[in-house]
Amino acid sequence: MQATSHLPGEAGEDIPPEGGLYAWLVVAGCFALLMASWGLLFSVGIFQTYFEANQLRDFSPSEIGWIPGVLVFVALTVGLQVGPLLDRYGPTYILLLGTICIASSFLVLAQCNAYWQIMLCFGFWAGLGCACLSTPAIAIIPHYFQRRVGFALGVALAGAGLGGVVFPFMIQTGFDHIGWAWTMRMLALIFGVLAALGTASVKSRLAKKMVKGVLSFRSFKDSRFTWLVVGLFCKRMTFQNCIAFVAKRLLLVLEFDFYAVLGILPTFTIAKGFSTSDSTSMMAVLNA
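Note that the sequence shown covers residues 14 to 301 in this note's numbering.
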């Protein structure tokens with residue numbers, strides 16, 4: 014008999030199945046979703062280099078850098094709003110929106126030449142698609158796993174790493190052999206298929222929650238509640254907790270630094286005299 018951390022008297026508490034065929038099918042779907050979304054985020058430097066040499070050669074690297082920067086910013090920050098929507102409506106409609114966004118953005122990007130066009134398609138539209146695909150992919154796995162949730166999340170997140178290794182070579186090869194437009198159409202097909210497979214596989218196992226908003230500060234109108242929160246916060250802020258608090262903030266900063274490195278690494282490598290293929294290899298090694 015398998016032991017769990019739940020007490021026998023906890024009636025009505027939902028316990029994840031801890032595996033099974035469908036649970037691992039969901040993990041496979043999350044693998045595909047993260048490969049399409051975070052795999053793209055891990056490959057932004059290839060686009061930066063191409064823009065500098067082609068459509069946006071009249072702009073400075075710092076001006077061009079705003080485009081992949083907006084992509085990463087939108088993908089990470091919109092996820093804060095996707096979470097409550099996921100609780101309320103489930104993953105299906107959100108994933109459908111993400112699939113449409115990421116596939117259509119690259120279809121339109123194939124025809125883009127102006128700075129503002131690329132910013133809208135690649136920065137905002139593709140970023141929205143990444144947010145709608147990646148947030149449910151991470152949030153759904155704990156519905157099916159509790160004790161093995163770390164392992165299941167690791168398997169799903171391997172899709173992001175695989176995308177970060179494969180896509181730079183694929184994109185650069187496409188630029189060299191079939192050109193910009195057909196490479197973008199190829200990516201639209203690949204991302205669309207991966208997102209569609211993930212959408213078909215990922216289903217919520219828990220009941221939907223009626224969430225009215227992300228944050229509510231109404232409770233702080235009661236001074237007793239406010240002082241209670243302050244007191245609990247001060248009580249918990251021991252030296253060890255302060256260290257943990259600072260460490261978490263440092264990890265957040267390092268995460269943004271990681272995306273920044275992914276964006277500027279190919280440009281920096283080429284500026285130091287290496288070839289485009291060398292910069293692609295450097296990016297793949299960093300993502301491995």
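Backbone N, C-alpha and C fix where the C-beta goes; we use that ideal spot for every residue, glycine too.
Problem - Collapsed DSSP secondary structure at residue 74 in the structure displayed - result: helix
Exercise for the section: Go ahead and label residue 177 buried or exposed: buried means 16 or more other beta carbons lie within 10 angstroms of its beta carbon, across all protein chains shown. Expected result: buried
Problem - Cβ pair residue 115, residue 142 closer than 8 angstroms - result: Taking 8 angstroms as the cut-off, the beta carbon of residue 115 is found closer than this to the beta carbon of residue 142.
Exercise for the section: Can you have a look at residue 302 and say buried or exposed, based on whether 16 or more other CB atoms are within 10 angstroms of its CB? Expected result: Given that the chain is displayed from residue 14 to residue 301, the structure contains no residue 302 and the question cannot be resolved.
Practice task
Let me know the secondary structure DSSP gives residue 338 once reduced to three states.
Solution key: Residue 338 is absent from the model: the chain starts at 14 and stops at 301.
Exercise for the section: Write down every uninterrupted run of the alpha helix (DSSP H) in the region 120-164 whose length is 4 residues or greater and which is fully enclosed by it, in chain order. Expected result: Segments of the alpha helix (DSSP H) lying fully in the region 120-164: 128-131 and 139-152.
Handout entry: Reference residue 61; option with closest CA among 92, 81, 213 and 55
Key = 81
Exercise for the section: Look at the alpha carbon of residue 36 and the alpha carbon of residue 199, and state the distance between them as a whole number of angstroms. Expected result: 31 angstroms
Handout entry: Per-residue DSSP class, three states only, for residue 55
Key = coil
Handout entry: Backbone CA spacing between residue 5 and residue 122 [nearest angstrom]
Key = Residue 5 lies beyond the residue range present for the chain, which begins at 14 and ends at 301; the question has no answer from this structure.
Exercise for the section: Using three-state DSSP, classify residue 68 as helix, strand or coil. Expected result: coil
Handout entry: residue 30 in three-state terms, based on DSSP
Key = coil
Handout entry: C-alpha distance - residue 134 paired with residue 186, whole-angstrom precision
Key = 22 angstroms
Exercise for the section: Count the C-beta pairs between the region 204-218 and the region 43-60 that are closer than 8 angstroms, then say yes if the count reaches three, no if not. Expected result: Two segments are said to touch when three or more pairs of C-beta atoms, one from each, lie closer than 8 angstroms; by this definition the region 204-218 touches the region 43-60.
Handout entry: Beta-carbon separation (whole angstroms), residue 87 vs residue 137, contact threshold 8 angstroms
Key = Contact holds; Cβ gap of about 6 angstroms.
Problem - Cβ-based burial, residue 33 [other Cβ within 10 Å; buried from 16] - result: Residue burial annotation: residue 33 is exposed, with fewer than 16 other C-beta atoms found within 10 angstroms of its C-beta.
Problem - Cβ-Cβ separation, residue 107 to residue 91 (assumed contact under 8 angstroms), whole Å - result: Not confirmed; about 11 angstroms, so no contact.
Handout entry: Three-state secondary structure assigned by DSSP to residue 191
Key = Reduced to three states, the DSSP call for residue 191 is coil.
Exercise for the section: Please name the residue in 97, 131 and 172 whose C-alpha comes closest to that of residue 67. Expected result: Closest option to residue 67, Cα to Cα, is 131.
Handout entry: Coarse secondary structure for residue 217, derived from DSSP in three states
Key = coil
Practice task
Would you mind working out which of 31, 160 and 53 sits nearest residue 146, comparing C-alpha positions?
Solution key: 53
Practice task
Specify the secondary structure class of residue 103 as computed by DSSP and reduced to three states.
Solution key: Coil, per DSSP.
Handout entry: Distance between residue 163 and residue 117 (C-alpha atoms, nearest Å)
Key = 33 angstroms
Handout entry: C-alpha distance - residue 167 paired with residue 71, whole-angstrom precision
Key = Residue 167 and residue 71 have their C-alpha atoms spaced approximately 42 angstroms apart.
Exercise for the section: Compare the C-alpha of residue 89 against each of 139, 109 and 126 and name the closest. Expected result: 139
Practice task
Measure from the alpha carbon of residue 97 to the alpha carbon of each residue in 65, 171, 58 and 148, then state which is nearest.
Solution key: 148
Exercise for the section: Verify whether the separation of the beta carbon atoms of residue 165 and residue 158 is less than 8 angstroms. Expected result: yes
Exercise for the section: Could you tell me the distance, in whole angstroms, from the CA atom of residue 29 to the CA atom of residue 171? Expected result: 22 angstroms
Exercise for the section: Report buried or exposed for residue 194, applying the criterion of at least 16 other Cβ atoms within 10 angstroms of its Cβ. Expected result: exposed
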